[in-house]
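**Q** This structure is in structure tokens; I'll ask about it shortly.
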Amino acid sequence: MAMLWKFMRVAKYSKTALAPKVKVKGISAHSRHSSSKSVPSDFAANTPCSNTVELLGKAYPQDDYSNVTEKILSKVGKNLHNKKHHPLWLIKEQVKDHFYKQYIGRRGTPLFSVYDGLSPVVTIQQNFDSLLIPQNHMSRSKEDNYYLNRDHMLRAHTSAHQWDLIHSGLDAFLAVGDVYRRDTIDNTHYPVFHQMEGVRLFSCHELFSNIKDGEGLQLFEQGHRTAHKQECHTMEAVRLVEFNLKQVLTKLMTHIFGDGLQVRWVDCYFPFTHPSFEMEINFQGEWLEVLGCGVMEQQLVNSAGAQDKIGWAFGLGLERLAMILYDIPDIRLFWSEDERFLKQFIVPHIWQKIKFQPLSRYPPLINDISFWLPSETYSKNDFYDLARTVGGDLIEKVVLVDEFTHPK
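Each residue of the sequence shown is one higher than the last, beginning at 1 in full-length UniProt numbering.
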């Protein structure tokens, strides 16, 4: 059998504000290709026996799908988005403040309710099936997700809560939380980040009440799916929902980044919305993608018990907005406990302008490693998880330099 050899280049911080209390442990030579010793820390998970993972007070039996590492489990329960004065908390509070003040319900209370404490452990049904993601879709793969077992996983997006919240009777809500995806190692990617999900549903009366001669307009029809609408939606309904969605998001980004903000919309694809869009903003002369959104698939809405309504949904990354707004150059800084980082965001009000001040002037150290792969199913994300487990956030970047397959 041919053997594959890989040559990786690892860049490490020599001294930095990232995770100052992390202790780096080595790997013994005999286990270098297949296992590692994790970095000890206080976290909400442990493994009472080799066949079970206990997380947030519940035990999950492990099986052939289990691939979550102790390093990742140590992040569960940190809830950076709920820590007062943390930059992610500031972004969350800014969005909340805007929605609370901009959209008021009939009783004078905020139209949108906010859920920022939902458990990150979800079922496969919640994370994929409820969102109409096909069984063979690449987003379900073990290479991209953290599975506790075949039935449970760490959520890959806050969209995993859409169906449940709609099913509970909600028409307008924001869901915020930590999400988990296996990813590369560099300054813009991290296996744990934070998302905000927004959903708004409309009845026929709510959507058309302010339209002249709108009494005869309908939400649904028996038609054909096109690039611009679903087969069950009328063009009038889709146009109004799309207009409302883009107006809401443009007002939000303008409120965060300032008046005169240039915005553009790019057509894209999501399994749970159609039509779907990515929103880009022009910030300091550069076009940046900030969120994805679209008209919700009616099949999803119907299955959740809201058959007489049509709606939109969006999802944005808190880290993405914070890095742009505060000029934070590295996503791993959000996990820093260094007071020099955290105190920069202790401000008297959430809308105060902040520009991050760099902490370390030390250059990175470069290490080159080569190794034989232990099996043909070994993926690059397996190595990234191993590197994170051993070196934590001290590892700045990992790059594949060369690979070789032995002919024998």
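The beta carbon of each residue, even a glycine, is placed where N, CA and C say it ideally should be. All values reported here derive from a predicted model rather than from experimental measurement.
Straight-line CA distance for residue 409 to residue 277?
**A** Outside the displayed range of the chain (1 to 408) lies residue 409, so it cannot be described from this structure.
**Q** Below 7 angstroms between beta carbons: does that hold for residue 314 and residue 177?
**A** Against the sequence shown, residue 314 aligns to sequence position 314. Against the sequence shown, residue 177 aligns to sequence position 177. Taking 7 angstroms as the Cβ cut-off, residue 314 and residue 177 do not qualify as a contacting pair.
**Q** Output the distance between the C-alpha atoms of residue 281 and residue 321, rounded to the nearest integer angstrom.
**A** Numbered from its first residue, the sequence shown carries residue 281 at position 281. Numbered from its first residue, the sequence shown carries residue 321 at position 321. For residue 281 and residue 321, the distance between alpha carbons rounds to 11 angstroms.
**Q** Taking 7 angstroms as the threshold (C-beta atoms), are residue 240 and residue 207 in contact?
**A** One-based indexing of the sequence shown puts residue 207 at position 207. One-based indexing of the sequence shown puts residue 240 at position 240. Yes, the Cβ-Cβ distance between residue 207 and residue 240 is below 7 angstroms.
**Q** Could you tell me whether the region 289 to 304 touches the region 124 to 143, using the rule of 3 or more Cβ pairs below 8 angstroms?
**A** Contact holds: three or more Cβ-Cβ distances are below 8 angstroms.
**Q** Give the single residue among 193, 218, 303 and 113 whose Cα lies nearest to the Cα of residue 204.
**A** Position 204 of the sequence shown, counted from the start, is the residue given in the question as residue 204. Comparing Cα positions, the closest option is 218.
**Q** Runs of 4 residues minimum, wholly inside the region 217 to 295: which ones carry the alpha helix (DSSP H) assignment?
**A** You should have 235 to 257.
**Q** Quick test of your reading: residue 328 and residue 87, contact by CB under 8 angstroms. State the CB separation rounded to the nearest angstrom.
**A** In the sequence shown, residue 328 corresponds to position 328, counting from 1. In the sequence shown, residue 87 corresponds to position 87, counting from 1. Right, their Cβ atoms sit about 7 angstroms apart.
**Q** Counting along the chain, where does the beta strand (DSSP E) carrying residue 346 start and finish?
**A** For the purposes of this step, residue 346 is taken as residue 346 along the sequence shown, with counting starting at 1. Per DSSP, residue 346 belongs to no beta strand (DSSP E) and is neither H nor E.
**Q** Can you name the start and end residues of the alpha helix (DSSP H) that residue 96 belongs to?
**A** Locating residue 96 in the sequence shown gives position 96, where the first residue counts as 1. Residue 96 -> alpha helix (DSSP H) spans 87 to 102.
**Q** Since residue 113 is in the beta strand (DSSP E), which residue starts that stretch and which ends it?
**A** Position 113 of the sequence shown, counting from 1, holds the residue named residue 113. Here the beta strand (DSSP E) through residue 113 covers 113 to 115.
**Q** Under 8 angstroms: do the region 140 to 152 and the region 114 to 126 share three or more Cβ pairs, one atom per stretch?
**A** The region 140 to 152, when compared against the region 114 to 126, does touch it at the 8 angstroms Cβ threshold.
**Q** Could you please give me the residues that DSSP links to residue 195 through a beta bridge?
**A** Position 195 of the sequence shown, counting from 1, holds the residue named residue 195. Answer is 177 and 317.
**Q** Under 7 angstroms Cβ to Cβ from residue 308, same chain only, skipping five residues before and after it: list those, please.
**A** Mapped onto the sequence shown, residue 308 falls at position 308. Cβ within range, chain order: 203.
**Q** Tell me the DSSP secondary structure of residue 207 in three-state form.
**A** For this step, residue 207 is matched to residue 207 along the sequence shown. Note: residue 207 maps to helix in three-state DSSP.
**Q** Comparing alpha-carbon positions, which option in 54, 56, 52 and 69 lies nearest residue 389?
**A** By one-based count along the sequence shown, residue 389 stands at place 389. Of 54, 56, 52 and 69, the residue nearest in Cα terms is 69.
**Q** Need the endpoints of the beta strand (DSSP E) that residue 396 sits in, please.
**A** Here residue 396 refers to the residue found at position 396 when the sequence shown is read from its first residue. Run containing residue 396: 395 to 405, per the beta strand (DSSP E) assignment.
**Q** How about residue 380 and residue 186: do their beta carbons lie closer than 7 angstroms?
**A** In the sequence shown, counting from the first residue as 1, residue 380 sits at position 380. In the sequence shown, counting from the first residue as 1, residue 186 sits at position 186. Taking 7 angstroms as the Cβ cut-off, residue 380 and residue 186 do not qualify as a contacting pair.
**Q** Return the bridge partner residues of residue 202 from the DSSP annotation.
**A** For this step, residue 202 is matched to residue 202 along the sequence shown. Answer is 310.
**Q** Please name the residue or residues paired with residue 186 in a DSSP beta bridge.
**A** Position 186 of the sequence shown holds residue 186. In DSSP, residue 186 forms a bridge with 189.
**Q** Among the residues of its own chain, which have a CB less than 7 angstroms from the CB of residue 188, if the five just before and after it don't count?
**A** Position 188 of the sequence shown, counting from 1, holds the residue named residue 188. Cβ within range, chain order: 331.
**Q** Tell me, which residues are paired with residue 153 by DSSP?
**A** In the sequence shown, the residue the question calls residue 153 occupies position 153. Its beta-bridge partners are 122 and 147.
**Q** Which term fits residue 213, buried or exposed, when burial requires 16 or more other beta carbons within 10 angstroms of its beta carbon?
**A** What you label residue 213 is simply residue 213 of the sequence shown in a count that begins at 1. Residue 213 comes out exposed.
**Q** Determine the closest residue to residue 394 out of 292, 365 and 76, with distance taken between C-alpha atoms.
**A** Taking the sequence shown and counting its residues from 1, the one referred to as residue 394 is at position 394. Here the closest residue by C-alpha is 365.
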